[in-house]
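Q:
Protein chains: 2
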Amino acid sequence: MDYASSGVDLDLEGSAVASLIGALGRSVRAPGQPGAPVDLPGGFGGLIEFGDHLLALATDGVGSKLQLASHLNAWGGVGIDCMAMNVNDLLCVGAEPLAFVDYIAVPKPDPEVHAAIGASLTEACRLARVTLAGGETASLPGIVTEVDLSGTALGFLKRGEAITGELLQAGDLLIGLPASGLHSNGYSLVRRILDHVNADLSDICPFDAAATGRAVRRFVTDADDAPTLGEVVLNPTRIYVDPVIDLLHHLAESGELGGRRSIRAIGHITGGGLSNLLRLHPTLGWVIDAPLPVLPEFTWLQEAGGVATKEMYRTFNMGMGMVLAVAAEHANGVVAWLQRRLPGTDIVGAVHDAGHHVTHAPSGVTFSHY
Amino acid sequence: MDYASSGVDLDLEGSAVASLIGALGRSVRAPGQPGAPVDLPGGFGGLIEFGDHLLALATDGVGSKLQLASHLNAWGGVGIDCMAMNVNDLLCVGAEPLAFVDYIAVPKPDPEVHAAIGASLTEACRLARVTLAGGETASLPGIVTEVDLSGTALGFLKRGEAITGELLQAGDLLIGLPASGLHSNGYSLVRRILDHVNADLSDICPFDAAATGRAVRRFVTDADDAPTLGEVVLNPTRIYVDPVIDLLHHLAESGELGGRRSIRAIGHITGGGLSNLLRLHPTLGWVIDAPLPVLPEFTWLQEAGGVATKEMYRTFNMGMGMVLAVAAEHANGVVAWLQRRLPGTDIVGAVHDAGHHVTHAPSGVTFSHY
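For the protein sequence lines, the chains are B and G, in the order given.
In our numbering, each residue carries its 1-based index in the first sequence increased by 26.
In our numbering, each residue carries its 1-based index in the second sequence increased by 26.
#1: Which runs of the alpha helix (DSSP H), 4 residues or longer, sit entirely within the segment 293 to 320 of chain B?
#2: Can you tell me whether B:LEU283 is helix, strand or coil according to DSSP?
#3: Taking all protein chains shown into account, do 16 or more other C-beta atoms lie within 10 angstroms of the C-beta of B:SER280, making it buried, or fewer, making it exposed?
#4: Taking all protein chains shown into account, do 16 or more other C-beta atoms lie within 10 angstroms of the C-beta of G:ALA100, making it buried, or fewer, making it exposed?
#5: Where do the ends of the alpha helix (DSSP H) carrying G:THR3 lie?
#6: Quick one: does B:ASP174 have its CB under 8 Å from some CB of chain G?
#7: Listing by chain order, which chain G residues have their CB less than 7 Å from the CB of B:ALA84?
#8: Comparing alpha-carbon positions, which option in G:ILE74, G:HIS307, G:ALA225 lies nearest G:GLU192?
#9: Can you tell me whether G:ILE189 is helix, strand or coil according to DSSP?
#10: So for B:ARG240, helix, strand or coil by DSSP?
#11: Mark G:VAL258 as exposed unless 16 or more other C-beta atoms lie within 10 angstroms of its C-beta, in which case mark it buried.
#12: From the DSSP secondary-structure annotation, give me the bridge partner or partners of B:ILE289.
#13: If we cut at 8 Å on Cβ distances, does B:LEU50 have a partner in chain G?
#14: Write down the C-beta distance between G:MET346 and G:PRO317 rounded to the nearest angstrom, noting that I regard them as a contact closer than 8 Å.
#15: Figure out for me which residue from G:VAL156, G:ASP107, G:ALA188 has the closest Cα to the Cα of B:PRO57.
#16: Does the CB of G:TYR266 have a neighbour CB from chain B at under 8 Å?
#17: Let me make sure I understand the geometry here. Which of B:PRO269, B:PHE393, B:TRP312 has the alpha-carbon closest to that of B:VAL361?
#18: Please report the straight-line C-alpha distance between B:ARG55 and B:GLY256, rounded to a whole angstrom.
#19: Is the separation between the beta-carbon of B:ILE189 and that of B:ILE292 shorter than 8 Å?
#20: Could you tell me whether the Cβ atoms of G:ALA84 and G:ALA125 are closer together than 8 Å?
#21: Under 8 Å, do G:GLY102 and G:ALA141 count as touching if we go by C-beta distance?
#22: In chain B, what lies closer than 8 Å to G:SER41 by C-beta?
#23: Over what stretch of residues does the alpha helix (DSSP H) that includes G:HIS97 continue unbroken?
#24: Where do the N-terminal and C-terminal ends of the beta strand (DSSP E) with B:PHE76 fall, by residue?
#25: If you measure between the beta carbons of B:LEU215 and B:SER45, is that distance less than 8 Å?
#26: Going by other Cβ atoms of all chains shown within 10 Å of its Cβ, with 16 needed for buried, is G:ALA235 buried or exposed?
#27: Beta-carbon of G:HIS140 versus every beta-carbon of chain B: anything under 8 Å?
#28: Please state whether the Cβ-Cβ distance between G:ILE47 and G:ALA62 is less than 8 Å.
#29: Give the single residue among B:ASP250, B:PRO232, B:ALA164, B:GLY285 whose Cα lies nearest to the Cα of B:ASP14.
#30: Determine, using beta carbons only, whether G:ILE13 comes closer than 8 Å to chain B.
#31: Is B:VAL377 helix, strand or coil by DSSP?
#32: Take the Cβ of B:ASN112 as the centre, count every other Cβ of all protein chains shown within 10 Å, and call the residue buried at 16 or more, exposed below.
#33: Decide if G:VAL21 is buried, meaning its Cβ has at least 16 other Cβ atoms within 10 Å, or exposed.
#34: Apart from the five residues on each side of it in sequence, which residues of its chain come closer than 7 Å, Cβ to Cβ, to B:SER165?
#35: For B:ALA154, which of B:ASP379, B:THR178, B:LEU304 has the nearest alpha-carbon?
#36: Since G:ALA354 and G:ASP198 are thought to touch, with beta carbons under 8 Å apart, how far apart are those beta carbons, to the nearest angstrom?
Here is the structure:
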């Protein structure tokens, strides 16, 4: 099985987005004005000028993970997923998240579902340290058949402090931050595999979900029991604001470990998997030779679906949700600092100047195109 | 016919939103910090602190107007609708729009539709004077059956310059800004009425759409011919950024007409119609005794659907998309200034202290609840 055959036509999506972008005009806000666009490579977050600061916006939704949440009537994590998809993108440019707004489209409003989503958004705001500045619920019975949840995050940074990848050089080391699970990408394929093997999401999980020490949030079972398969596949996306923003503040304020400039690039591993890293620099390459442990749900899904290894690394995070490229001489210090906040963080590879590729050395998988 | 019977259960929607809000916690950002929430009456835009400024976010979608756009394959106005719903909300707190992000959920990406939406968003950015700072296209065949388009606008204002309604007093005069048509609310009822009378949207419009001097955008017919009914019902929502922001800048910079403090409150007439004004002050009331001309599509829809007058004023803008409450001694000067930018603008009534009601005097309709 592969992602394309699970009902998502990536080429068509790419050409639709290209059509939209091709139809866009230049900004009406001139350089130097508040609101003028700031071009950065990577494009994880959209940046605009605002006096001595830059403001960043990111917008994204939870996607088809919502269909599993709906199937299990387990909405406690989706607000966290929605927040994570957005604020983790802001982190990639070095922006500190400030505020969030949610958009919920439903065929028919359901107060219980809304209360659960509200509670999940509240927890997400605490994890991402943002204010929920508003939201919209739209009843659209002719357009949506199930809940759709998306949102927009606003962040800021000081002018001159954007993380752009400009400083990236061969020899920089890659620090991987562990994922909490599938996060919020690849669920069309996940659902197809679950259907294929006739999986019952309320069954006890058929693999040891705690093998890597990762915690699984319980929607159904007690913490003392083994989690269900549904709980594992719905585990909320990790929000990386605490370790990354605290690291950036610490480096900027203390000047230790080479200061903030030691952090050369940050990649959020979302749809596209490891190929996301290609967005961060136009020519340099990335070699992952000591990856973080693969979470057991990925191994189980690969076997259950007979998915090619390259397809797995192009569709899923495989256990690493974020990558920091750090000046080599300070990488050990940065890792030690991060490990105290996020156990499981480790050096996974290095930046190379042998072509614009991402190579996952243990599996031999290589990506040359995003 | 009424709005509730057209498939939108307003009570259920209200209780779902109340459930969500009830589940929300306090912000983690303390007063004085960037991102701390700023409470304002009305709640049109969510405000946060940002140094000497406040930032405002508004999020909203086009709603079921999209189903008519889809039916006619006429996407040229929906980006303007989406922008208008958001930036017009920002204007209500006195925030100048800076940037916008769009979210498009589709069952299957279509490059032609995306190109048309992109062109419409570009025009919308020009009309609203904002930078398109990003966007997301989600393919969600299991969740949406047609295009859903929503977005988020970011605006700013100087601290201390928020338009809060605090200064509002009995005797302030109401200035109405003319609507361009149905704008983006009430389309479930519009669609029900169109079905009821078996209307053919490609027919020439059965009423004189130009009666009030309002221009109708042509998706199908030439400008010299009469517009179709479809073109009239899809006419894009008016974006009020030009007249309102230029007015606020002019008042602030020149100090003329009492300065910016002459503008006591601004209301965006959306779903809820005139009852929206009740959000702007907890005790004062509003009397509209000289309304702007009712646009002919409202009269036609009311007759075709046998809709009660009160229901019309609770569901539609009826020809007035925005209301400014202005200090009485400067209202004539402000109207004269606005009429040069937006013909059709006029004084429509006054603020009263005889109870928390909105009264539309010519029809006798009164609202006491939002």
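Ideal placement from N, C-alpha and C gives every residue a C-beta, glycine not left out.
A: Reading off the structure:
#1: Counting only runs of 4 or more residues that sit fully inside the segment 293 to 320 of chain B, no alpha helix (DSSP H) segment turns up.
#2: Looking up residue 283 of chain B in the first sequence gives position 257. In this structure, B:LEU283 counts as helix in the three-state DSSP scheme.
#3: Indexing the first sequence from 1 puts residue 280 of chain B at position 254. The Cβ neighbour count for B:SER280, taken over all protein chains shown within 10 Å, is under 16; the residue is labelled exposed.
#4: Locating residue 100 of chain G in the second sequence gives position 74, counting from the first residue. G:ALA100 should be labelled buried.
#5: No information on residue 3 of chain G is available, as it lies outside the stretch 27 to 396 that chain G covers here.
#6: Position 148 of the first sequence, counted from the first residue, corresponds to residue 174 of chain B. With 8 Å as the cut-off, B:ASP174 counts as an interface residue toward chain G.
#7: Locating residue 84 of chain B in the first sequence gives position 58, where the first residue counts as 1. What B:ALA84 touches in chain G: GLY160.
#8: Within the second sequence, residue 192 of chain G is the residue found at index 166, counting from 1. Among G:ILE74, G:HIS307, G:ALA225, the Cα nearest to that of G:GLU192 is on G:HIS307.
#9: Numbered from its first residue, the second sequence carries residue 189 of chain G at position 163. Coil, per DSSP.
#10: Indexing the first sequence from 1 puts residue 240 of chain B at position 214. Looking at B:ARG240 - three-state DSSP - the assignment turns out to be coil, as it is neither helix nor strand.
#11: By one-based count along the second sequence, residue 258 of chain G stands at place 232. Its Cβ being crowded by 16 or more others within 10 Å, G:VAL258 is buried.
#12: Counting from 1 along the first sequence, the entry for residue 289 of chain B is found at position 263. Beta-bridge pairing links B:ILE289 to B:VAL352.
#13: Mapped onto the first sequence, residue 50 of chain B falls at position 24. Yes, its Cβ sits closer than 8 Å to a Cβ of chain G.
#14: Walking along the second sequence from the start, residue 346 of chain G turns up at place 320. Walking along the second sequence from the start, residue 317 of chain G turns up at place 291. The pair is a contact, with the Cβ atoms about 7 Å apart (cut-off 8 Å).
#15: One-based indexing of the first sequence puts residue 57 of chain B at position 31. Closest in alpha carbon position to B:PRO57, among G:VAL156, G:ASP107, G:ALA188, is G:VAL156.
#16: Against the second sequence, residue 266 of chain G aligns to sequence position 240. Chain B contact via Cβ: absent.
#17: Against the first sequence, residue 361 of chain B aligns to sequence position 335. Among B:PRO269, B:PHE393, B:TRP312, the Cα nearest to that of B:VAL361 belongs to B:PRO269.
#18: Position 29 of the first sequence, counted from the first residue, corresponds to residue 55 of chain B. Position 230 of the first sequence, counted from the first residue, corresponds to residue 256 of chain B. Using only the alpha carbons, I get a separation of about 47 Å.
#19: Mapped onto the first sequence, residue 189 of chain B falls at position 163. Mapped onto the first sequence, residue 292 of chain B falls at position 266. Less than 8 Å separates the beta-carbon of B:ILE189 from that of B:ILE292.
#20: Sequence index remark: in the second sequence, residue 84 of chain G carries index 58 (1-based). Sequence index remark: in the second sequence, residue 125 of chain G carries index 99 (1-based). Not in contact: G:ALA84 and G:ALA125 (Cβ atoms no closer than 8 Å).
#21: Indexing the second sequence from 1 puts residue 102 of chain G at position 76. Indexing the second sequence from 1 puts residue 141 of chain G at position 115. Not closer than 8 Å, so no.
#22: Your numbering for residue 41 of chain G matches position 15 in the second sequence. Those are PRO135, PRO137, listed as they occur along chain B.
#23: Walking along the second sequence from the start, residue 97 of chain G turns up at place 71. Its alpha helix (DSSP H) spans residues 91 to 98.
#24: Numbered from 1 along the first sequence, position 50 holds the residue referred to as residue 76 of chain B. Run containing B:PHE76: 72 to 76, per the beta strand (DSSP E) assignment.
#25: Position 189 of the first sequence, counted from the first residue, corresponds to residue 215 of chain B. Position 19 of the first sequence, counted from the first residue, corresponds to residue 45 of chain B. Not closer than 8 Å, so no.
#26: Taking the first residue of the second sequence as 1, we reach residue 235 of chain G at position 209. Buried.
#27: Counting from one through the second sequence, the residue named residue 140 of chain G turns up at place 114. With its beta carbon less than 8 Å from one in chain B, G:HIS140 belongs to the interface.
#28: As a working note, residue 47 of chain G is residue 21 in the second sequence. As a working note, residue 62 of chain G is residue 36 in the second sequence. It is not a contact, given that the beta carbons lie outside the stated cut-off.
#29: Nothing about residue 14 of chain B can be read from this structure; chain B reaches only from 27 to 396.
#30: Because residue 13 of chain G is not part of the residues shown, which for chain G are 27 to 396, the question remains open.
#31: Taking the first residue of the first sequence as position 1, residue 377 of chain B is located at position 351. Three-state DSSP puts B:VAL377 in a strand.
#32: Along the first sequence, read from residue 1 onward, the residue named residue 112 of chain B stands at position 86. Result: buried.
#33: The shown model of chain G, from 27 to 396, leaves out residue 21 of chain G, and the question about it has no answer.
#34: Indexing the first sequence from 1 puts residue 165 of chain B at position 139. The residues are VAL132, LYS134, PRO135.
#35: Mapped onto the first sequence, residue 154 of chain B falls at position 128. The shortest C-alpha separation from B:ALA154 is found at B:THR178.
#36: One-based indexing of the second sequence puts residue 354 of chain G at position 328. One-based indexing of the second sequence puts residue 198 of chain G at position 172. Indeed, because the Cβ distance is near 6 Å, the residues count as touching under 8 Å.
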